[in-house]
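Student:
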Amino acid sequence: MSAERFINPGDLFLPWSTRNTTNTTRALGSDFSQTQYPVAEMAFAGISPVTVYLASSENFSEAIIGTPLMHHPIDGPLFLTDPNRIDPFVLAAIRRLAPTGMGEAQVVLIGEFSDLVMRAIQFMGFTVRRILGPDDVFHTAHRILNELCVPQDVFLISTDPNHGGHITGAYSAHSGVPILLTEGPTLPRHTRMALEQINNPRVYIVGTTNAIPQSVINEVQGLAGFVDVISADDIFTLAVRFSRYRSPVAEVGWDRNEPDGHAFTFVLPQPWQYLVSSASLAHLGKHTPFLFVNRDSVPEATMQYIMQVNPQSGDRPPFMHGFIIGNKNVISIPVQNELHLGLSVDLEHHMPHDL
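In short: position in the sequence shown from 1, add 30, done, that's our numbering.
Here you go:
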C-alpha cells in the first residue's frame, strides 16, 4: 500500500516549504559534515553531555564501533572529522555543547588521530583521551568492548559499509550493544579474542546476504552460546528487518512491529557517514530506528513497512514522526512529502472529498 494512492506527494506542499512538515523534521545540511550539528542541537537541547566523541570521517570501521559509547550513562554525541586536522565547526560544536567531563574526559578520540587534533582540543581547555588498539581497528573494537564491561550481546558486521552493517550503529547508540568487526574468510584475531573473553556470548550477525562468509558464521557458532543472522538481499529491506527484529533469547532489537506511535529517522544508505553522525536520534528523544531511502524515491520495502506499523488513529494519539537527514538536495522534497503521508495517522484527510 502506497501513500501515492491518496495524492501525488510532489503536489502536496508549496515549493518553498522545504524544512519541516507536521510529521517530519529535517536536520538541514548539504552533507554529513553539516547535518551532524543540527542533529546534536536537537538531541542535546538544553543539556550538556558528559563527553563528546570524535571519530574519523574517513574510516568506517573506527567510526561505527564508537556508536555504543554514546549510550547511557555518558549520553554523548559522536562527531566525524578529518583525523589529521579537526574541522573548526566540530571545535565550535564542542564549545557550544560544553561537555561536563564528569567521570570521563570531556572529549574522547576513537581510533587514529594526529597529535595536532589532540592539541587543538586541549588548547580550548578541554580534557581529552584516546581509545586506540595499537594493533588494528579490530583491537580498538576489542578495547571498546572492555570499556562497556564486556556485555553478553554483541553485533558482528563487515568492515565494508556497502553490506549495510552500519544499520546496527543506531541501535548500539540506543542500547550500548557493542559492535565487533570481521573481514575475509576467518575472524580477525582480536575479534576472536573478544568473543572468547565473553561468557557464553550472544552474537547477532547483521548485513546483506553473503556479507559474512559461511566459514565465519561457522567459526562464530563454535564460540557463541547463541547466534542469529539478520540479513536481506538489499540494504533497504535489511533496515526494515532490523527495525522489526527482536531476539528470541534476550532483550535485543527494536521490535517495531505493531501499529503504534513510532518515530523513525530516514537517511541515505550511502555515504555511511549520514547514519553514524546522526545516531544520537536513536538514543535520545524519540529513540528512532533508522530506515533507508533514496534521494528521489522511497523504496517499496520502506513504505510498506511504515504503512503496516501506522496506527491510523485519526485525530488522536498515538502519532508518528520522521526525522530526515539532509536538505532537499540530499533527500528531495517529493520524498519528504511521501514520507509525511506515510507517517500520517489521519490519511483520510488527504483523500479527495466532494464539496
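Glycine included, C-beta positions come from ideal geometry on N, C-alpha and C.
Within this structure, are the beta carbons of residue 232 and residue 279 separated by less than 8 angstroms?
Tutor: yes
Student: Would you call the segment 191-205 in contact with the segment 217-224, where contact means no fewer than 3 C-beta pairs closer than 8 angstroms?
Tutor: no
Student: Tell me whether residue 41 is buried or exposed, calling it buried when 16 or more other Cβ atoms sit within 10 Å of its Cβ.
Tutor: Only weak support is given to the placement of residue 41: the predicted model assigns it a pLDDT of 43, under 50, and the question is left unresolved by the model.
Student: Measuring CB to CB, does residue 15 end up less than 8 angstroms from residue 308?
Tutor: Residue 15 lies beyond the residue range present for the chain, which begins at 31 and ends at 385; the question has no answer from this structure.
Student: With distances taken Cα to Cα, identify the nearest neighbour of residue 123 among 80, 66, 176 and 196.
Tutor: 66
Student: Quick check on this structure: which residue in 304, 242 and 52 has the alpha carbon closest to the alpha carbon of residue 215?
Tutor: 242
Student: With 16 other CB atoms within 10 Å as the buried threshold, where does residue 145 fall?
Tutor: exposed
Student: Does the segment 362-378 come close enough to the segment 51-71 that 3 or more CB-CB pairs lie under 8 angstroms?
Tutor: Because the criterion of three Cβ pairs below 8 angstroms is met, the segment 51-71 and the segment 362-378 touch.
Student: Return the residue from the list 236, 161, 97 and 78 that minimises the CA-CA distance to residue 192.
Tutor: Taking each of 236, 161, 97 and 78 in turn and checking the Cα distance to residue 192, the smallest one comes out for 236.
Student: When the Cα atoms are used, what is the spatial distance from residue 345 to residue 376?
Tutor: 6 angstroms
Student: Am I right that residue 84 and residue 162 are in contact with their C-beta atoms under 8 angstroms? What's the rounded C-beta distance?
Tutor: Wrong, their Cβ atoms sit about 12 angstroms apart, outside the cutoff.
Student: Shortest alpha-carbon distance to residue 335 belongs to which of 269, 314 and 71?
Tutor: 269
Student: What are the partner residues of residue 147, as DSSP defines its beta bridges?
Tutor: Paired residue(s): none; residue 147 is not in a bridge.
Student: Less than 8 angstroms between the C-beta atoms of residue 287 and residue 274, yes or no?
Tutor: yes
Student: Taking the alpha-carbon positions, what's the residue 89 to residue 68 distance?
Tutor: The straight-line gap separating the alpha-carbon atoms of residue 89 and residue 68 is approximately 22 angstroms.
Student: Which value, in whole angstroms, describes the spacing of the CA atoms of residue 80 and residue 86?
Tutor: 20 angstroms
Student: Are the segment 256-264 and the segment 204-213 touching, with three or more C-beta to C-beta distances below 8 angstroms?
Tutor: no
Student: Excluding five sequence neighbours on each side, which residues of the same chain lie with their C-beta closer than 8 angstroms to the C-beta of residue 98?
Tutor: 174, 178, 202, 203, 205, 206, 207, 208 and 209
Student: What does the alpha-carbon distance come out to for the pair residue 290 and residue 340?
Tutor: Cα to Cα, residue 290 sits roughly 6 angstroms from residue 340.
Student: Where does residue 360 fall in DSSP's three states?
Tutor: Correct three-state label for residue 360: coil.
Student: Take residue 300 as the anchor and find which of 196, 246, 352 and 155 has the nearest alpha-carbon.
Tutor: If we check each option's Cα against that of residue 300, 196 comes out closest.
Student: Run through the segment 114-167 for me and flag every whole alpha helix (DSSP H) of 4 or more residues, listed as ranges in chain order.
Tutor: Counting only runs that start and end inside the segment 114-167, the alpha helix (DSSP H) elements of at least 4 residues fall at 118-127 and 145-153.
Student: Which of the three DSSP states, helix, strand or coil, is assigned to residue 201?
Tutor: Residue 201: helix per DSSP, three-state reduction.
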